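These notes concern the structure reproduced below.
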Amino acid sequence: MLENLSTRLQGVIKNLRGQARLSEENIADAMREVRMALLEADVALPVVKDFIAQVKERAQGREVLSSLTPGQAVIQVVHEELTKLMGEQNAALNLAAVPPVVILMAGLQGSGKTTTSGKLARLLKEQKKKVLLVSADVYRPAAIEQLKTLAKQLDVDCYDSNAQQKPSLIAQESLQFAKKYFYDVVIFDTAGRLGIDQQMMDEIKQLHQLLQPTETLFVVDAMLGQDAVNTARAFGDALPLTGIILTKLDGDARGGAALSVRQITGKPIKYIGVSEKVDGLEPFHPERMASRVLGMGDVLSLIEQAQKNVDMEEAKKLADKVKSGKNFDLEDFKAQMVQMRKMGGMGALMDKLPSQMTGMAGKINPDDGDKAIKRIEGIINSMTPMERRKPEIIKATRKRRIAMGAGVQVQEVNRLLNQFEETQKMMKMFSKGGMGKLMRTMQGKFPGMR
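Here the numbering used here is used: position 242 in the sequence shown is 242, and no number is missing along the way.
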């Protein structure tokens, strides 16, 4: 997510941190680098110009130049202006209207409207809302069936529309149905086109008039780049948008649309699509995103993710076990892997950690890390309960049997046992209160660690 921009800006930050004092010259050099980074990330030129002008004005002000750490002060200015550019604060959905609250989804074909409608329904269901999904996409083959299949998978109701009906009729009848059966929220998925055309705009304007939605969300593909800005402007002119959902941010290393669309439309980004999975939709927090872009990480989102997906009771049991000094076995090791997978795997974790910590992990490919987690689970699953409790009994014959059962080489089993032994040693240090010793051990393995 915004990988290229993040890498470039972190380079600028590193240089600024090393400056004992700032001058107009080195501020100008830094701003030139920032400008290039933003343009390469597909941020719209007018947005870049405004952003650079604001940062430059504040960076040359007395508060920065008189600071004891001027480099740090400029970084703070960049962070604040980047946050402001993306929206300053999280904008929640307005669900305070008289039910059913109607959410109208608009955007081009291929932007991910249908999938996002399902993901949004899932989030609202978690908030104890009774949600009805409705598709009025009578043009794209199997679009209605796609939403029905998704609704079934999520255990959410979907209105029984069909491709022979007019979108206006679907709107009227589904709204009556929602009122009759006391739904809290109706998410209305509209048809998209491969490009903006008048017929499409007229249809969605008519649907907006019939439905009178509380929320009109523009769904835009982050990989559109500069085209995202033109599309956003067209939809913003045609509809009274209330917010934006950016999809496929996980698939684009540039993602500059995230920094442009909000500025062009004047509407807040409410959600971002971070994976193709049904749980791959997150509320958008501008300040946290700015921190991630600048390599400061997003620990708050990581904590929220842990609270949501991790079995706290199991985590407490493990913590108590470690604290008491009881043996940490392969069942516990596997439990750790399962908890990590529940949090989205290695990629999701590394994406939210500060750059210094991800740098410690070396050149680990998150996809390779996720495969390794699955492989570890497979190997442990091939062991007997006794072998999991007492790994020391696993000798050559048992290793061959476990490897065969897991479909891996014996070397993989050896590697897992070595990893487990290292983890076990660390756990013993924790149980004996040897945090200082543990930190010294970690510093030995990662010299850059402080």
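No residue lacks a Cβ here, since even glycine has one placed at the ideal position from N, Cα and C. A quick note: this is a predicted structure, and the numbers were derived from the prediction, not measured.
Option nearest residue i by Cα separation, candidates the options
i: G405; options: E421, M386 and R375; result: R375
i: H208; options: D221, L239 and I196; result: L239
i: L123; options: H79, K277 and S260; result: K277
i: I204; options: I170, V156 and K130; result: I170
i: Y271; options: V77, A121 and S161; result: A121
i: H285; options: A163, D279 and I244; result: I244
i: V274; options: P100, N26, D221 and V101; result: D221
i: C158; options: R140, K179 and I187; result: I187
i: A228; options: K128, D42 and D160; result: D42
i: G192; options: D202, Y183, V185 and D184; result: D202
i: L104; options: Q206, K125 and E33; result: Q206
Residue i (DSSP reduced to helix, strand or coil)
i: D298; result: Only weak support is given to the placement of D298: the predicted model assigns it a pLDDT of 44, under 50, and the value that follows is read from those uncertain coordinates. The answer is coil: DSSP assigns D298 none of H, G, I, E or B.
i: L95; result: coil
i: S117; result: helix
i: G11; result: helix
i: M383; result: coil
i: V274; result: coil
i: T83; result: helix
i: I75; result: helix
i: I244; result: strand
i: L108; result: coil
i: R450; result: Bear in mind that the predicted position of R450 carries a pLDDT of just 39, short of 50, making it too unreliable to give a figure here.
i: S168; result: helix
i: L132; result: strand
i: V34; result: helix
i: L239; result: coil
i: F284; result: coil
i: T216; result: strand
i: I303; result: Residue confidence for I303 is low, a pLDDT of 49 falling below 50, so the modelled location carries little weight; the figure read from the coordinates is stated next. Three-state result, I303: helix.
i: I196; result: coil
i: D189; result: strand
i: D157; result: strand
Nearest-angstrom Cα separation, counted from residue j out to residue i
i: D237; j: T231; result: 10 Å
i: S111; j: Q411; result: 45 Å
i: E24; j: D50; result: 18 Å
i: F420; j: K248; result: 36 Å
i: Q424; j: D332; result: 10 Å
i: Y181; j: E282; result: 29 Å
i: P385; j: M426; result: 23 Å
i: A378; j: D155; result: Looking at the sequence shown, residue 378 is not Ala but Gly. Cα to Cα, the separation comes out at about 30 Å.
i: L133; j: K399; result: 51 Å
i: R471; j: V48; result: In the structure displayed, the chain extends from 1 to 450; residue 471 sits before or after that span and is not available.
i: V98; j: I373; result: 47 Å
i: R401; j: R389; result: 17 Å
i: E287; j: K128; result: 28 Å
i: T214; j: L95; result: 8 Å
i: T116; j: E392; result: 49 Å
i: Q337; j: Q153; result: The question names Gln, but residue 337 in the sequence shown is Met. Straight-line Cα distance between these residues: approximately 26 Å.
i: S168; j: I269; result: 28 Å
i: L38; j: S260; result: 10 Å
i: E387; j: L417; result: 11 Å
i: V413; j: I394; result: 10 Å
i: G408; j: V77; result: With the sequence shown as reference, residue 408 is identified as Val, and Gly is not the correct amino acid for it. Taking the straight line from one Cα to the other gives about 52 Å.
i: G325; j: E422; result: Interpretation of G325 is limited by its pLDDT of 47, a score under 50 that renders its predicted location unreliable; the figure taken from the coordinates is listed afterwards. In a straight line, the C-alpha of G325 is about 16 Å away from that of E422.
i: M360; j: E126; result: Bear in mind that a pLDDT of 42 at M360, under 50, signals an unreliable position, so the model cannot answer this.
i: N26; j: G11; result: 14 Å
Residues near residue i by beta carbon distance below 8 Å, same chain, minus five either side
i: L241; result: A106, T216, L217, F218, F235, T265 and K267
i: T114; result: S135, D137, A143, Q146, L147, L150 and D189
i: M31; result: I52, V55, K56 and A59
i: Q164; result: V138
i: Q212; result: V102
6 Å CB neighbourhood of residue i in its chain, flanking five on each side removed
i: L150; result: G118
i: E173; result: none
i: I380; result: L330 and K334
i: L175; result: none
i: M383; result: I402
i: R233; result: I264
i: D279; result: none
i: V299; result: Only weak support exists for where V299 lies, its pLDDT of 45 falling under 50; the value from the coordinates is given anyway. Closer than 6 Å at Cβ, skipping near neighbours: no residue.
Status (buried if at least 16 other CB within 10 Å, exposed otherwise) for residue i
i: T397; result: exposed
i: T45; result: Looking at the sequence itself, residue 45 is Leu, so the reference to Thr does not match. The residue in question, L45, is exposed, as its Cβ has fewer than 16 Cβ neighbours within 10 Å.
i: K56; result: buried
i: Q263; result: buried
i: M200; result: buried
i: V131; result: buried
i: A28; result: exposed
i: A92; result: exposed
Beta-carbon contacts of residue i that lie in its chain and below 7 Å, excluding the five residues immediately before and after
i: A142; result: none
i: N365; result: Confidence at N365 is low in this model, with a pLDDT of 49, below 50, so its placement is unreliable and the value that follows should be read with caution. Closer than 7 Å at the Cβ level, and outside the excluded window around N365, lies no residue.
i: A290; result: H79, L82, T83 and M86
i: Q109; result: R140, G192, R193 and L194
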